[in-house]
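What follows is one structure encoded as structure tokens, with my remarks underneath.
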Amino acid sequence: MVAMIQNQSGAAQEYLDQAAAFIAEKGMQNYIPLLELTQGQLRRRQDDPRQALEHLDRAVALAESNDLRPILWQAHAEAALALRALSQAPAADERLRQAQAVIAEIAGLFKNESYRQVFLANTTRQLELAE
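Take the sequence shown: its letter number 58 is residue 72 in our numbering, and every next letter is one higher.
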């Protein structure tokens, strides 16, 4: 992730390939949704929104089937950015709505109101980047 943020896409891809090999070797299937999300983020940053969307759709499917809400909302939000890059605004808007719905579900799980508000403030800030 750090390599990706620092625009070192070659290094980021190498780390992701190593992670994928480790996951496969150790049978750590529960990490595949996170790997797909990160691959999608990298592809989008590399200006390859179609490939990004493929990874993000896999992340969504796996996150839904494993009830991984944090990965699910992030994959929807990231997919919205990829769809905007593909000039598919209505589909991007729908993905944002889906991300917001998952965020609302997560927020509803917080028993502490101040934690809920911090969570909502942070996720709202992140979603604004996808709009």
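For glycine and all other residues, C-beta sits at the position ideal for the given N, C-alpha and C.
Would the segment 125–134 and the segment 94–109 be scored as touching if the rule is three or more Cβ pairs under 8 Å? no
Please classify residue 56 as buried or exposed, where buried requires at least 16 other C-beta atoms within 10 Å of its C-beta. buried
So is residue 143 buried or exposed if we call it buried at 16+ other beta carbons inside 10 Å? exposed
Note down the Cα distance separating residue 135 from residue 119, rounded to an integer number of angstroms. 15 Å
Measuring alpha carbon to alpha carbon, tell me which residue in 138, 25, 32, 43 is nearest residue 73. 43
In chain order, what residues of the same chain have a beta carbon less than 8 Å from the beta carbon of residue 124, not counting five sequence neighbours either side? 130, 133
By Cβ distance below 6 Å, which residues in the same chain neighbour residue 47 in space, the five residues on each side in sequence not counted? 73, 76, 77, 82, 85
When you compare the CB positions of residue 96 and residue 59, do they come within less than 7 Å of one another, or not? no
Any beta carbon from chain D within less than 7 Å of residue 88's own beta carbon? The structure shown contains no chain D; it holds only a single protein chain.
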